[in-house]
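Trainee: First, the structure itself, so that you have it in front of you.
In UniProt numbering, the protein residues as written are 1 to 618.
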């Protein structure tokens, strides 16, 4: 018998008993069922214990399907002036969208999407209320296909379809409703409102939108207070949770606020809106008339160091961003730029000499031939048009703005003693005002020519902010005060206030010296013979202590030599006997210039300041 026959016979013998076969099948089925049961039980237990399927959380998946959430935006803090008038505040802008998906239907399958027949009318309406042209609108509406050929759910309309005001939104909605056009919707975005427009823009700063069109979009400061205090102003967003239907819409009665938003804190500046607005309006016509490279102006309270108004040109509108171009407009020139101040520095040379007992107001000197320092001859500015003055006394040296007289005083003091006073007045170091990128200027080193020249404001550099701080010592009877920009910070969530105190930073001279210097400064504007700015700076009913400056500007090959290549300036303190206000104004490299240009800004501003001064100052 061959092998094949043996195998066949063996199989036949095994299958002779059908009952035996059924038992075996039953055992196999039973064992399989038990195995599946335990496998299912194990799987069910695993899912119950871990809450996961294929590594994915069932709870998370369920929440995604049936639970929605919205960010509750924290309100950005408001920036106020000293009296609570808003300078920068929260607002809402809108972007317009068109829903094109034909699946967007309402009750009874009402078409809620934009129908193609309405495209031309929508183009006319959006053109009427926005900067979009009709052809642009039609291009956006007709470019409605995804890469796979399906219709886009919705389209947006580019930059001109964004940053729309509530009034624009409502006007568009009204006209669409009248024409029974559906499918146009609006998305809210946080925005920042600057109701005063150009208003100390480099100090206040501006904001931009971060993460646009996302759940986490918000505002972030890009300059000035908006940037420096961004964390304080921003606050913290909250979140709201709700149950949603198949279309993602909140189910009534299921909305619950899980985490409250914490609004940003409010900042009260020291600015006075009346004075700031007036200053801005006074700078504009002069800027247009003389076309300088830049201008700065600062008004402060002498007894507190508070900055009441501060502006510069060129400037920009923080809301529209108009003017935000070029390098100059990105800097706060008042605090960041260092420059040679010129003759306004003579105030401090005179003060130091008086304080050290090196000053005799009646002693005289000759201006003829200048004064030689090393191999350099220093001369006075040419004031021939005002009449030659061959002999001056040292009181007249200040009012007539004599470089030669100041060098004599510096030599009497000695270079090291003069530098010591420059440091006492705060030059060569930051005022620590808190403003961004504050400059520190430069005090001359051991070169005695530089030391001599610094006595009349050349070969040394300062910032306008340093000058304002130093001027407080002259105006405030020797007490030098740190410039203050912030009055207080208020946390609306806790009703707590953080008040910025008056900060004394030095006393470089005594009250008698300060009073004497102010008295001599009055001669600058009231002495018809020896006053270099006689009758230019005046406010009826008040005496003004003033000093003008005409500073040379350093170029790549020495000092510039053009007719108006100077920084022209004036500082005023009034009333002279007991100053309430200090005003400092600079004009750099104008195309044309007369001293009256300074007066046309200073006089009306200081008159307004005296007219509206606070009752406790009168």
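Ideal Cβ placement from N, Cα and C applies to all residues, glycine included. If you're wondering where the values come from, they're calculated on a predicted model, not measured in any experiment.
Is it buried or exposed for residue 334, if we count other Cβ within 10 angstroms and need 16 for buried?
Mentor: Position 334 of the chain shown, counting from 1, holds the residue named residue 334. The residue is buried, with at least 16 neighbouring Cβ atoms inside 10 Å.
Trainee: Compare the Cα-Cα distances from residue 594 to each of 291, 223, 225, 221 and report the closest residue.
Mentor: Taking the first residue of the chain shown as 1, we reach residue 594 at position 594. Comparing Cα-Cα distances from residue 594 to each of 291, 223, 225, 221, the minimum goes to 291.
Trainee: What separation, rounded to the nearest whole angstrom, lies between the Cα atoms of residue 604 and residue 81?
Mentor: Along the chain shown, read from residue 1 onward, the residue named residue 604 stands at position 604. Along the chain shown, read from residue 1 onward, the residue named residue 81 stands at position 81. Residue 604 and residue 81: Cα-Cα distance of roughly 21 Å.
Trainee: Can you give me the C-alpha to C-alpha distance between residue 354 and residue 406, rounded to a whole angstrom?
Mentor: Here residue 354 refers to the residue found at position 354 of the chain shown. Here residue 406 refers to the residue found at position 406 of the chain shown. C-alpha separation (whole angstroms): 12 Å.
Trainee: Can you say whether residue 105 is buried or exposed, counting buried as having 16 or more other CB atoms within 10 angstroms of its CB?
Mentor: For this step, residue 105 is matched to residue 105 along the chain shown. Residue 105 is exposed by the Cβ-count criterion.
Trainee: If you run the structure through DSSP and keep just helix, strand and coil, what is residue 459?
Mentor: Taking the chain shown and counting its residues from 1, the one referred to as residue 459 is at position 459. Coil.
Trainee: Just the Cα atoms here: how many angstroms apart are residue 203 and residue 284?
Mentor: Start at 1 with the first residue of the chain shown, and residue 203 comes out as number 203. Start at 1 with the first residue of the chain shown, and residue 284 comes out as number 284. Cα to Cα, residue 203 sits roughly 18 Å from residue 284.
Trainee: In chain order, which beta strand (DSSP E) runs of at least 3 residues are fully inside the segment 345 to 426?
Mentor: For the segment 345 to 426, whole beta strand (DSSP E) runs of length 3 or above, ordered along the chain, are 364 to 366, 371 to 373, 376 to 378, 391 to 393.
Trainee: Does the segment 430 to 441 come close enough to the segment 309 to 321 that 3 or more CB-CB pairs lie under 8 Å?
Mentor: The segment 309 to 321, when compared against the segment 430 to 441, does not touch it at the 8 Å Cβ threshold.
Trainee: Taking 9 Å as the threshold (C-beta atoms), are residue 525 and residue 536 in contact?
Mentor: Taking the chain shown and counting its residues from 1, one reaches residue 536 at position 536. Taking the chain shown and counting its residues from 1, one reaches residue 525 at position 525. Yes.
Trainee: Bridge partners of residue 31, per DSSP?
Mentor: For the purposes of this step, residue 31 is identified with residue 31 of the chain shown, where counting begins at 1. Beta-bridge pairing links residue 31 to no other residue.
Trainee: Hey, is the segment 381 to 399 in contact with the segment 420 to 436, meaning 3+ C-beta pairs nearer than 8 Å?
Mentor: With the cut-off at 8 Å, the segment 381 to 399 and the segment 420 to 436 do not touch.
Trainee: For residue 70, list the residues DSSP reports as bridge partners.
Mentor: Translated into the one-based positions of the chain shown, residue 70 becomes position 70. Residue 70 is bridged to 240.
Trainee: Can residue 87 and residue 271 be called in contact, C-beta distance under 9 Å?
Mentor: As a position in the chain shown, residue 87 is number 87, starting the count at 1. As a position in the chain shown, residue 271 is number 271, starting the count at 1. Yes.
Trainee: Quick check on DSSP: helix, strand or coil for residue 264?
Mentor: As a working note, residue 264 is residue 264 in the chain shown. Reduced to three states, the DSSP call for residue 264 is coil.
Trainee: Mapping DSSP to helix, strand and coil, what is residue 189?
Mentor: Translated into the one-based positions of the chain shown, residue 189 becomes position 189. Residue state, collapsed to three classes: strand.
Trainee: Work out the CA separation of residue 461 and residue 417 for me, nearest whole Å.
Mentor: One-based indexing of the chain shown puts residue 417 at position 417. One-based indexing of the chain shown puts residue 461 at position 461. Each residue's Cα considered, the two are about 18 Å apart.
Trainee: What is the residue span of the beta strand (DSSP E) that residue 86 lies within?
Mentor: Along the chain shown, one-based indexing puts residue 86 at 86. Counting along the chain, the beta strand (DSSP E) containing residue 86 begins and ends at 86 to 99.
Trainee: Exposed or buried, what is residue 224 when buried is set at 16 or more other beta-carbons lying within 10 Å of its beta-carbon?
Mentor: Residue mapping note: residue 224 aligns to position 224 of the chain shown, counting from 1. When all chains shown are included, residue 224 counts as buried.
Trainee: If you count every other CB in all the chains shown that lies within 10 Å of the CB of residue 454, and 16 or more means buried, which is it?
Mentor: Against the chain shown, residue 454 aligns to sequence position 454. Burial call: buried.
Trainee: Can you tell me which of the three DSSP states residue 513 falls into?
Mentor: The residue given as residue 513 occupies position 513 in the chain shown. Correct three-state label for residue 513: helix.
Trainee: With H, G and I counted as helix, E and B as strand and the rest as coil, what does DSSP make of residue 546?
Mentor: In the chain shown, the residue the question calls residue 546 occupies position 546. Residue 546: strand per DSSP, three-state reduction.
Trainee: Could you check the C-alpha separation between residue 516 and residue 478 for me, to the nearest Å?
Mentor: Residue mapping note: residue 516 aligns to position 516 of the chain shown, counting from 1. Residue mapping note: residue 478 aligns to position 478 of the chain shown, counting from 1. Rounded to the nearest angstrom, the two C-alpha atoms are 11 Å apart.
Trainee: Please report how far the alpha carbon of residue 397 lies from the alpha carbon of residue 298, in whole angstroms.
Mentor: For the purposes of this step, residue 397 is taken as residue 397 along the chain shown, with counting starting at 1. For the purposes of this step, residue 298 is taken as residue 298 along the chain shown, with counting starting at 1. Cα to Cα, the separation comes out at about 26 Å.
Trainee: For residue 506 and residue 349, what's the separation of their Cα atoms in angstroms?
Mentor: Indexing the chain shown from 1 puts residue 506 at position 506. Indexing the chain shown from 1 puts residue 349 at position 349. Rounded to whole angstroms, residue 506 to residue 349 spans 17 Å at the Cα level.
Trainee: In the segment 546 to 602, which residue ranges form an unbroken beta strand (DSSP E) of at least 3 residues, counting only runs that do not cross its ends?
Mentor: Listed in chain order, the complete beta strand (DSSP E) runs (minimum 3 residues) inside the segment 546 to 602 are 566 to 574, 581 to 588.
Trainee: Go to residue 470, then tell me how far its alpha helix (DSSP H) extends in each direction, as first and last residue.
Mentor: The residue labelled residue 470 in the question sits at position 470 within the chain shown. Here the alpha helix (DSSP H) through residue 470 covers 464 to 475.
Trainee: Excluding the 5 residues preceding and the 5 following residue 413 in the sequence, name in chain order all residues of the same chain whose CB lies nearer than 7 Å to its CB.
Mentor: For this step, residue 413 is matched to residue 413 along the chain shown. Once the five neighbours on either side are set aside, the close Cβ partners of residue 413 are 352, 353, 356, 358.
Trainee: Tell me whether residue 347 is buried or exposed, calling it buried when 16 or more other Cβ atoms sit within 10 Å of its Cβ.
Mentor: Position 347 of the chain shown holds residue 347. Under this definition residue 347 is a buried residue.
Trainee: Identify, in the order they occur along the chain, each residue of the same chain with its Cβ nearer than 6 Å to the Cβ of residue 362, setting aside the five sequence neighbours on each side.
Mentor: For the purposes of this step, residue 362 is taken as the residue at position 362 of the chain shown. 393.
Trainee: Go ahead and label residue 629 buried or exposed: buried means 16 or more other beta carbons lie within 10 angstroms of its beta carbon, across all protein chains shown.
Mentor: The structure shown does not extend to residue 629, since the chain is modelled only from 1 to 618, so the question has no answer here.
Trainee: Among all the DSSP beta bridges, which residues are the ones paired with residue 442?
Mentor: Counting from one through the chain shown, the residue named residue 442 turns up at place 442. DSSP output for residue 442 lists 461 as bridge partner(s).
Trainee: If you reduce the DSSP assignment to three classes, tell me which class residue 629 lands in.
Mentor: Any question about residue 629 goes unanswered here, given that the chain covers just 1 to 618.
Trainee: On the premise that residue 302 lies in contact with residue 579, defined as a C-beta separation below 8 Å, what is that separation, rounded to the nearest angstrom?
Mentor: Taking the first residue of the chain shown as 1, we reach residue 579 at position 579. Taking the first residue of the chain shown as 1, we reach residue 302 at position 302. That pair is a contact at about 4 Å.
Trainee: So, do the segment 555 to 569 and the segment 490 to 509 have three or more beta carbon pairs nearer to each other than 8 Å?
Mentor: No contact exists between the segment 555 to 569 and the segment 490 to 509.
Trainee: Among 538, 152, 497, 268, whose alpha-carbon lies nearest the alpha-carbon of residue 140?
Mentor: Numbered from its first residue, the chain shown carries residue 140 at position 140. That would be 152, whose Cα lies nearest to the Cα of residue 140.
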